[in-house]
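Protein chains in written order, with the working numbering: chain H, 26 to 199; chain F, -18 to 207.
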């Protein structure tokens, strides 16, 4: 997740203080995993240094929380470029699970048990995310759906691999 | 942990020369939602049919609330299914000639409840399933998602102890499927009904409290193994 670009986008709506920016980010994009204050101010310092934001105002008192930040034209262009470029899809070609299954087969360990244990763990997490989704607003539901579709893809792979274990064993056993 | 409500033990069932169940066992407790998963042909629907008293197993026992279903007469099993069990299938199986409210009222009418009272209770359930506006329509006049919610209302109108749901979202798109599962899960929790949910979709199974996998006619409780 690009925190810097998200901040620039949030600032495009209106200038904000550091704390306000953190709160808006946590609520919209990272519920349950709030940013650390250090991350917030390190990101703002970098954006300032690169001329993507400016300090728009100061309130009496000490510390960065008193500064109000505004996005610059260069910052708006930066967000526009980021939004218009597709994210690189995750290739998922290096799988720890696949490695575990192959090593189990190569060493004569029960690979089916590895798949079953993993399946249970995945479904447990899916239940947890589903409960969270059921009680959440639309934003929360969409975030949870993203997780659920990915977990489901893993589960389908686990099922497919379980169905092809004998075939795989014949190929990988020395 | 509550007492077991429905217990299937060492169930065997053959269809011709094809074994559908080979020593499958499953325990359902009051109020819990259990997902029964497995690939096509694994025996999961046969297991549901045996537990619900629709199919008699060749061997093994099914005990519901202390009574052995597998030893009951057809008449006794029918009465039990009507009073204590509710059913939702992949395709709603609504009676096409009856309006939606009449469909929902059907199990109550079969149990001797007067029409006015049966339809009043049915309308309440349709409202609860957020399809009160289709009460007077025929099943052919409503969408698949609405039809499945009407089917859920019909399954729950008698406030059964166990709801058997066989791929209840199988014919629906993702959004409608999720809505049906949310409403079914919530209604079951509100009324204290247990749900036996047969599905091959992990996202549907995730609405359950736990999962049992059927493989080659045998059921595995992976969570207990793990």
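Positions of the beta carbon are idealized from the N, C-alpha and C atoms, including for glycine.
- The region 42 to 109 of chain F is shown to contain whole beta strand (DSSP E) runs of 3 or more residues at 66 to 69, in chain order.
- Collapsing the DSSP output to three states places residue 4 (chain F) in a strand.
- Across the structure, residue 191 (chain F) and residue 6 (chain F) are spaced so that their CA atoms are roughly 15 Å apart.
- Between the region 128 to 136 of chain H and the region 54 to 74 of chain H there are fewer than three C-beta pairs closer than 8 Å, too few to call the two in contact.
- The residue among H:169, H:146, H:156, H:101 with its C-alpha nearest the C-alpha of residue 34 (chain H) is H:101.
- Only those residues of the region 144 to 162 of chain H whose C-beta falls short of 7 Å from the nearest C-beta of chain F are listed: 144, 145, 148, 151, 152, 155, 159.
- Residue 179 (chain F) and residue 153 (chain H) have their C-alpha atoms roughly 20 Å apart.
- At a cut-off of 9 Å between beta carbons, residue 184 (chain F) contacts chain H.
- For residue 20 (chain F), no beta strand (DSSP E) encloses it, and the DSSP letter there is neither H nor E.
- Between the C-alpha atoms of residue 104 (chain F) and residue 124 (chain F) there is a straight-line separation of about 18 Å.
- Residue 20 (chain F) and residue 140 (chain F) have their alpha carbons spaced roughly 31 Å apart.
- Residues of the region 163 to 178 of chain H whose Cβ lies closer than 7 Å to any Cβ of chain F, in chain order: 173, 177.
- Contact between residue 152 (chain F) and residue 71 (chain F) holds: CB atoms are separated by about 5 Å, below the 8 Å threshold.
- Listed by position along chain H, the residues whose Cβ is nearer than 7 Å to that of residue 192 (chain F) are 148.
- Contact between the region 142 to 161 of chain F and the region 170 to 184 of chain F is present, with at least three C-beta pairs closer than 8 Å.
- In chain order, 148, 151, 152, 154, 155, 173 make up the part of chain H whose C-beta sits under 8 Å from the C-beta of residue 187 (chain F).
- Nearest to residue 157 (chain F) by C-alpha distance, out of F:189, F:100, F:28, F:127, is F:127.
- The C-beta distance from residue 77 (chain F) to residue 119 (chain F) rounds to 7 Å, short enough to fall under 8 Å.
- Taking a Cβ-Cβ threshold of 8 Å, the residues of chain F close to residue 180 (chain H) are 183, in chain order.
- For residue 149 (chain H), the closest of H:85, H:127, H:168, H:172 by C-alpha to C-alpha distance is H:172.
- Residue 26 (chain F) sits away from residue 197 (chain F), with the two beta carbons spaced by 9 Å or more.
- Where residue 187 (chain H) is concerned, there is no enclosing beta strand (DSSP E), although the alpha helix (DSSP H) around it starts and stops at 163 to 188.
- Taking a C-beta distance under 9 Å as the contact criterion, residue 40 (chain H) and residue 81 (chain H) qualify as a contact pair.
- About 7 Å separates the CB atoms of residue 41 (chain F) and residue -11 (chain F); that is less than 8 Å, so the two are in contact.
- Below the 8 Å Cβ cutoff, chain H contributes 159 as neighbours of residue 163 (chain F), in chain order.
- Per DSSP, residue 164 (chain F) is one residue of the alpha helix (DSSP H) stretching across 155 to 172.
- Using a Cβ-Cβ cut-off of 9 Å, residue 184 (chain H) counts as an interface residue toward chain F, since at least one Cβ of chain F sits closer than that to its own.
- For residue 201 (chain F), the secondary structure class from DSSP, reduced to helix, strand or coil, is strand.
- If you draw a straight line from the Cα of residue 94 (chain H) to the Cα of residue 106 (chain H), it is about 21 Å long.
- Contacts with chain F at 9 Å (Cβ-Cβ) include residue 188 (chain H).
- Residue 51 (chain H) has a beta carbon lying at 9 Å or more from every beta carbon in chain F.
- Taking 9 Å as the CB threshold, residue 24 (chain F) stays off the interface with chain H.
- Counting the other CB atoms within 10 Å of its CB gives residue 200 (chain F) a total of 16 or more, which places it among the buried residues.
- Residue 116 (chain H) carries a coil assignment under DSSP once its states are collapsed to helix, strand and coil.
- Taking 9 Å as the threshold, the shortest C-beta distance from residue 110 (chain F) to chain H does not fall below it.
- DSSP lists F:9, F:45 as the bridge partner or partners of residue -13 (chain F).
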